[in-house]
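Numbering (this note's numbering), first residue to last: 436 to 630.
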């Protein structure tokens, strides 16, 4: 299913409007983060949900950007004094920290997207088996016949196997990381004793 152009008009249904706001807000924040990371731009976004709740994103921070905008100033003072240079220096020192935080944010957003897709895949698998979750997110086992229960058992066994495989992969990678960490520690100890 390809993307299609959506007509820009107010979404009538309030629950659909809230869902649209959440998705679009996340997309705008992601793009702002990319702009800040790739171009070194200072960005501030403030959005109010249809319910009136404020959401904001800022690089380096919303307060810093809005204060600067309201003062119509720059990183340095207009007179170019030492105060401005100190502020610019602390700004540059903070860039590395902000870069790391932006990277962590992007990684978490990517992980969340992967988990969301996994959930969608599980729902698709359940739909293919004609199984639907109730309002509480549980399978209604009471109304299932023997054939449906057999399908569910097979599905759950397959999921268990996938989880076990994932655990094995995590254990293997953590063992490799532990071994690599020990090797680095050992090398550092050897270098320290040689000096």
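Glycine included, each C-beta is placed from N, C-alpha and C at the ideal position.
Please report how far the alpha carbon of residue 445 lies from the alpha carbon of residue 452, in whole angstroms.
The alpha-carbon atoms of residue 445 and residue 452 are separated by roughly 8 Å.
Whose C-alpha, out of 464, 545, 486 and 485, is nearest the C-alpha of residue 496?
Comparing Cα positions, the closest option is 464.
Based on DSSP bridge pairs, tell me the residues matched to residue 482.
Note: residue 482 sits in a beta bridge opposite 490.
In chain order, what residues of the same chain have a beta carbon less than 6 Å from the beta carbon of residue 483, not counting five sequence neighbours either side?
Closer than 6 Å at the Cβ level, and outside the excluded window around residue 483, lie 489.
Would a C-beta distance cut-off of 8 Å place residue 500 and residue 479 closer than the cut-off?
The answer is yes: Cβ separation under 8 Å.
Taking DSSP as the reference, what is the three-state secondary structure of residue 444?
Looking at residue 444 - three-state DSSP - the assignment turns out to be coil, as it is neither helix nor strand.
For the alpha helix (DSSP H) holding residue 499, just list the boundary residues, first then last.
Run containing residue 499: 497 to 506, per the alpha helix (DSSP H) assignment.
Give the straight-line distance between the Cα atoms of residue 438 and residue 555, rounded to the nearest whole angstrom.
If I take the Cα positions, the gap works out to 18 Å.
Pull up the distance between the alpha-carbon of residue 603 and that of residue 502, whole angstroms please.
Straight-line Cα distance between these residues: approximately 51 Å.
Quick check on residue 476: does DSSP put it in helix, strand or coil?
DSSP places residue 476 in coil when its eight states are reduced to three.
Decide if residue 468 is buried, meaning its Cβ has at least 16 other Cβ atoms within 10 Å, or exposed.
It is buried - the Cβ of residue 468 has at least 16 other Cβ atoms within 10 Å.
Please name the residue in 590, 545, 485 and 466 whose C-alpha comes closest to that of residue 477.
The shortest Cα separation from residue 477 among 590, 545, 485 and 466 belongs to 466.
Taking only three categories from DSSP, how would you classify residue 579?
If DSSP states are grouped into helix, strand and coil, residue 579 belongs with coil.
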